[in-house]
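Everything on this sheet refers to the single structure shown next.
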Amino acid sequence: KSKDEEGAKAPKVTDRVPLPAAECMNIMRKIPSDHLKLMGLNVDEARPEWMIVTVLPVPPPPVRPSVAVDGGATRGEAFLTYKLAEVIRANALLNSEAEGS
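For the sequence shown, full-length UniProt numbering begins at 1 and goes up steadily by one.
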């Protein structure tokens, strides 16, 4: 029989604590290279802290592609521009929720 079946209490669930990306990256930076090799990672090409996006490059409007609208007479914004706007809105929403607004 398992302990649960014998009447033992289940472990107490603690409150969840957020783990910010910066803190996670600091933890990953502290993993020794020999441990990474044991995990099968090439320390010269695949460090775990490199998997966290810290900078999101955004092309300026003049280099973003535009699309022809109504047979080419006018130009409209491309899919990339709309997606970038969605990312900015989602980020603002996350920040406001994190601040409790």
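Positions of the beta carbon are idealized from the N, C-alpha and C atoms, including for glycine. Since the structure is predicted, the reported quantities are computational estimates derived from the model, not experimental observations.
query = Where do the ends of the alpha helix (DSSP H) carrying Ile-27 lie?
reply = 21-29
inquiry  = Helix, strand or coil for Val-63? Go by DSSP, reduced to three states.
reply    = helix
inquiry  = Taking only three categories from DSSP, how would you classify Glu-99?
reply    = coil
request  = Could you please give the first and the last residue of the uninterrupted alpha helix (DSSP H) stretch that includes Asp-34?
outcome  = 33-38
key: Distance, Val-63 Cα to Lys-30 Cα   = 39 Å
ask   = Roughly how many whole angstroms lie between the Cα atoms of Ser-33 and Glu-23?
value = 19 Å
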